[in-house]
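Take a look at the structure below.
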Amino acid sequence: MNVLAPTGAPVAVDERGTLSGNPLVLIDDYGRHRITEWAGPWPIDERTWDPGRHRRACRFQAVDDAQGAWLLVLDEGGSWWAAGRYD
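Residues 2 to 88, numbered by the working numbering, are exactly what the sequence shown covers, in order.
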């Protein structure tokens, strides 16, 4: 899965929570979805007490042009995945 900015570049989030571009296109196994609305990022910083299981990521909400709602996660490695999709 990937989320692209208007330039066609993948959307990333820096350490200050700034997006590299506004999310415009979501690409998954079923094709391309135009993002019409979005909110986020909301940072996740879990298990800070456990170095082996510590995790950072950012959550986003998005709505596509078919009115599908998505809960998207961008992990600290730069990979996007869908935590949920709602029709």
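For glycine and all other residues, C-beta sits at the position ideal for the given N, C-alpha and C.
Bear in mind that the values here come from a model prediction, so they are computed numbers and not experimental data.
Own chain residues within Cβ distance below 6 Å of residue i, not counting five before or after
i: Val74; result: Ala58, Arg60, Trp82 and Ala84
i: Asp29; result: Met2
i: Arg1; result: Nothing about residue 1 can be read from this structure; the chain reaches only from 2 to 88.
Beta-carbon contacts of residue i that lie in its chain and below 7 Å, excluding the five residues immediately before and after
i: Gly79; result: Ala13
Three-way DSSP call (helix, strand, coil) for residue i in this model
i: Arg33; result: strand
i: Asp88; result: coil
i: Pro11; result: strand
i: Leu25; result: coil
Beta-carbon separation (whole angstroms), residue i vs residue j, contact threshold 8 Å
i: Pro24; j: Trp39; result: 5 Å
i: Arg35; j: Asp66; result: 4 Å
Pair within 9 Å by beta-carbon distance, residue i and residue j
i: Pro63; j: Leu27; result: Residue identity differs from the one stated: residue 63 is Ala in this sequence, not Pro. Yes, the Cβ-Cβ distance between Ala63 and Leu27 is below 9 Å.
> Of all the beta strand (DSSP E) runs that stay within the bounds of the segment 35 to 66, which reach a length of 3 or more residues?
Replying inline: Annotation note: the segment 35 to 66 contains the following uninterrupted beta strand (DSSP E) runs of length 3 or greater, listed N- to C-terminal: 56 to 65.
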